[in-house]
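Trainee: In my numbering, the protein residues as written are 10 to 385.
Take a look at the following structure, please.
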Amino acid sequence: MGTCPSGALKDQLWRHQLASHQFKTHCHLASGLLACSQLYTRADLISFGSFILGKPPSKEVPAGNYPFIVTSDDGRKVPVVQAYAFGKYLGYLKVEFDEKGYVTSHGNPILLNSSIPEDPGIKAEINEWRKKLYNYSTQEVGRTLVYLDGTTQSCRFKECNMGNLICDAMINNNLRHSDAVSWNHVSMCILNGGGIRSPIDEQNNGTITLESLTAVLPFGGTFDLVQLKGSTLKKAFEHSVHRYGLSTGEFLQVGGIHVVYDLSRKPGDRVVKLDVLCTQCRVPHYEPLRMDKVYKLILPNFLANGGDGFQMIKDEVLKHDSGDQDIDVVSGYISKMKVIYPAVEGRIKFSAGSHCHGSFSLIFLSFWAVIIVLYQ
Numbered sequence: 010m011g012t013c014p015s016g017a018l019k020d021q022l023w024r025h026q027l028a029s030h031q032f033k034t035h036c037h038l039a040s041g042l043l044a045c046s047q048l049y050t051r052a053d054l055i056s057f058g059s060f061i062l063g064k065p066p067s068k069e070v071p072a073g074n075y076p077f078i079v080t081s082d083d084g085r086k087v088p089v090v091q092a093y094a095f096g097k098y099l100g101y102l103k104v105e106f107d108e109k110g111y112v113t114s115h116g117n118p119i120l121l122n123s124s125i126p127e128d129p130g131i132k133a134e135i136n137e138w139r140k141k142l143y144n145y146s147t148q149e150v151g152r153t154l155v156y157l158d159g160t161t162q163s164c165r166f167k168e169c170n171m172g173n174l175i176c177d178a179m180i181n182n183n184l185r186h187s188d189a190v191s192w193n194h195v196s197m198c199i200l201n202g203g204g205i206r207s208p209i210d211e212q213n214n215g216t217i218t219l220e221s222l223t224a225v226l227p228f229g230g231t232f233d234l235v236q237l238k239g240s241t242l243k244k245a246f247e248h249s250v251h252r253y254g255l256s257t258g259e260f261l262q263v264g265g266i267h268v269v270y271d272l273s274r275k276p277g278d279r280v281v282k283l284d285v286l287c288t289q290c291r292v293p294h295y296e297p298l299r300m301d302k303v304y305k306l307i308l309p310n311f312l313a314n315g316g317d318g319f320q321m322i323k324d325e326v327l328k329h330d331s332g333d334q335d336i337d338v339v340s341g342y343i344s345k346m347k348v349i350y351p352a353v354e355g356r357i358k359f360s361a362g363s364h365c366h367g368s369f370s371l372i373f374l375s376f377w378a379v380i381i382v383l384y385q
């Protein structure tokens, strides 16, 4: 049994994934393939842990047959399987080999529904852990006086106060590094809007719990410190809006940065103003970004590693230091502040040309919506 395909085997799997476009989990098969570093040419079976391929007994849409059969570099047929996620399916594989060592038969995943009896011992252990998890997740971290807007409709299109809160927490977490020259060693933060997954409603007594914060930041990443040239940072902000309007995750929320976009301009040339908060100054103020200057920046490790298409950060980073867990940073900040009320402050703006561009797009889409309705 092997773990990581590449070469001809990987090519077949990758083509299959591109053809299907039916990924239903965050950790889909293609991600697993790209994480592999070498080909096990003698692999008899390749298994990943978080996806199901085949006829589903529940509502999941398969990306192909279960198992998906590929041909290895030496001509053998190799089954590739996954069993979805969240403990919903049990991956069942009863593999038989012929006299040449080739796979001749295999099993299929089992849906763990009410027809499968629960194991009393496991159930008791789960219930015990459920109590501990409940006690942990319902801890009150702090309170908010305002709605914390972490919706897709806001954070992937414009400045949102949830993004401001998280970035402020990221910068505050690094205030311990001040010295005689700078009021702080870092003043800037960027955060992909797609990484913000939920709002927090202040009308629920304003209570913020670890459970609600986990819904906002569910991926368990870290907030890292990097050093980049201003030219790299400019590229990142151009990437932030290169396909603006498609609800994609790369739209950047910021802290210690003022950016103005003109969406009427072509992609790659939409940043018309980019100012950053100084650090080597007695009175912090915003100054124009310098292309040749090296800046320190706090960002999710997801972005530092090139996620959401920010390959320029990964390729051009000058220094990268791993940071603290995202939940710990934000919960610690809220606990320290006790009561929060983050606002939308004008950190991200769009020029007049952008509004015309956006209005034209809306009118264009509305026009075609009317045409479709009329001809139904």
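Even glycine gets a Cβ: it sits at the ideal position worked out from N, Cα and C.
Model, not experiment: these values are computed from the prediction.
(1) To the nearest angstrom, report how far apart Leu157 and Gln289 are at their CA atoms.
(2) Leaving aside the five residues before and after Thr241 along the sequence, list all residues of the same chain whose C-beta is less than 6 Å from its C-beta, in chain order.
(3) Is the distance from the Cβ of Thr216 to the Cβ of Asn310 below 8 Å?
(4) For Lys282, name the three-state secondary structure that DSSP assigns.
(5) Determine the extent of the beta strand (DSSP E) in which Cys6 is found, giving its start and end residues.
(6) For Ile135, which of helix, strand or coil comes out of DSSP?
(7) Could you name the residues of the same chain whose beta carbon sits closer than 6 Å to that of Val250, not counting the 5 residues immediately before and after it, in chain order?
(8) Out of curiosity, what's the CA-to-CA distance linking Ser273 and Gly258?
(9) Determine the direct distance from the alpha carbon of Met197 to that of Asp233, and round the result to whole angstroms.
(10) Which of the three DSSP states is assigned to Pro129 in this structure?
(11) Output the distance between the C-alpha atoms of Asp333 and Ser124, rounded to the nearest integer angstrom.
(12) Could you give the distance in angstroms between the alpha-carbon of Ile131 and the alpha-carbon of Lys141?
(13) What does the alpha-carbon distance come out to for the pair Leu261 and Gly110?
(14) For Lys109, report the span of its beta strand (DSSP E) as first-last.
(15) Buried or exposed for Met300, going by 16 or more other Cβ atoms inside 10 Å?
(16) In chain order, what residues of the same chain have a beta carbon less than 6 Å from the beta carbon of Gly227, not counting five sequence neighbours either side?
(17) Are Asp317 and Asn201 closer than 8 Å when you measure CB to CB?
(18) Comparing C-alpha positions only, which one of Ser360, Tyr253, Pro351, Leu306 sits nearest to Val281?
Mentor: Per the coordinate set shown:
(1) By one-based count along the sequence shown, residue 157 stands at place 148. By one-based count along the sequence shown, residue 289 stands at place 280. Taking the straight line joining both Cα atoms gives about 32 Å.
(2) Counted from its first residue, the sequence shown places residue 241 at position 232. Excluding sequence neighbours, Thr241 sits near Met321, Glu325.
(3) Reading the sequence shown from its first residue, position 207 is the one you call residue 216. Reading the sequence shown from its first residue, position 301 is the one you call residue 310. 8 Å or more divides the Cβ of Thr216 from the Cβ of Asn310.
(4) As a working mapping, residue 282 is identified with position 273 in the sequence shown. Strand at Lys282.
(5) Residue 6 is absent from the model: the chain starts at 10 and stops at 385.
(6) For the purposes of this step, residue 135 is taken as the residue at position 126 of the sequence shown. Helix, per DSSP.
(7) Within the sequence shown, the letter at position 241 stands for residue 250. The residues are Tyr270, Arg279.
(8) Walking along the sequence shown from the start, residue 273 turns up at place 264. Walking along the sequence shown from the start, residue 258 turns up at place 249. Taking the straight line from one Cα to the other gives about 21 Å.
(9) Position 224 of the sequence shown, counted from the first residue, corresponds to residue 233. Position 188 of the sequence shown, counted from the first residue, corresponds to residue 197. Looking at the two C-alpha atoms, the distance is approximately 12 Å.
(10) Your numbering for residue 129 matches position 120 in the sequence shown. Pro129 falls in the helix class under three-state DSSP.
(11) Sequence index remark: in the sequence shown, residue 333 carries index 324 (1-based). Sequence index remark: in the sequence shown, residue 124 carries index 115 (1-based). Answer to the nearest angstrom: the Cα atoms are 43 Å apart.
(12) Residue mapping note: residue 131 aligns to position 122 of the sequence shown, counting from 1. Residue mapping note: residue 141 aligns to position 132 of the sequence shown, counting from 1. Computed Cα separation, rounded: 16 Å.
(13) Position 252 of the sequence shown holds residue 261. Position 101 of the sequence shown holds residue 110. Cα to Cα, Leu261 sits roughly 52 Å from Gly110.
(14) Position 100 of the sequence shown, counting from 1, holds the residue named residue 109. From DSSP, Lys109 is part of no beta strand (DSSP E); its letter is neither H nor E.
(15) Residue mapping note: residue 300 aligns to position 291 of the sequence shown, counting from 1. Classification for Met300: exposed.
(16) Looking up residue 227 in the sequence shown gives position 218. The displayed chain sequence assigns Pro, not Gly, to residue 227. Excluding residues within five positions, the ones whose Cβ falls inside 6 Å are Arg206.
(17) Position 308 of the sequence shown, counting from 1, holds the residue named residue 317. Position 192 of the sequence shown, counting from 1, holds the residue named residue 201. Yes, the pair counts as a contact, with Cβ atoms nearer than the cut-off.
(18) The residue you call residue 281 lines up with position 272 of the sequence shown. With distances taken between Cα atoms, Val281 lies closest to Ser360.
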